[in-house]
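J.: Supplied in structure tokens, the structure appears directly below.
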Amino acid sequence: DKGDSVPVVCASCKKELLPSFYNRSQLSKGEGKARCRSCVEEAIANEAKQSKEGKDEKIAKAKEKVRLAKSVTEKVKAEAELAALEAEIVTGLKPVVLGRGKSGRGYSRGGRGRGRGRGGRSR
1 DKGDSVPVVC ASCKKELLPS FYNRSQLSKG EGKARCRSCV EEAIANEAKQ
51 SKEGKDEKIA KAKEKVRLAK SVTEKVKAEA ELAALEAEIV TGLKPVVLGR
101 GKSGRGYSRG GRGRGRGRGG RSR
């Protein structure tokens, strides 16, 4: 294949490399946008590092909230936040915020107000 021997310039490191140094998905982006495998791997590693640092920072803030909580209600809320952050790290799943009361349509605001009748026109 003639296309395999034509060098492609990496958008990140600016090196001219053979197509064998690129993933197919990167080559399909075209000249000037494609990144070589090592640049893509480096970007993924940096992103993972930043994500971990951000989560560590959130946990430190949550621990501080627990420490500074004055009332029982504040303490329980802060502990729940901290538990959710720690669980996210362990499981990889983000916490789901559950609704209040009955689920379904019309109950999101206590079943009152707009959403019924004549389109919410006031008289």
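For what it's worth, the working numbering labels the leading residue of the sequence shown as 1, then goes sequentially.
No residue lacks a Cβ here, since even glycine has one placed at the ideal position from N, Cα and C.
What you are looking at is a predicted structure, and each value in this text was computed from that prediction instead of being measured.
1. Could you tell me the distance, in whole angstroms, from the CA atom of G32 to the CA atom of A48?
2. Using a Cβ-Cβ cut-off of 8 Å, state whether K52 counts as contacting chain C.
3. Is L17 helix, strand or coil by DSSP?
4. To the nearest angstrom, how far is the alpha carbon of L68 from that of E74?
5. State the start and end residues of the unbroken alpha helix (DSSP H) segment that holds C39.
6. Rounded to whole angstroms, what is the Cα-Cα separation between E86 and Q50?
7. Run through DSSP, which three-state label would V72 get?
T.: Let me lay it out:
1. 25 Å
2. Annotation note: the requested chain C is absent from the structure, which comprises a single protein chain.
3. strand
4. 9 Å
5. R37 to L68
6. 17 Å
7. helix
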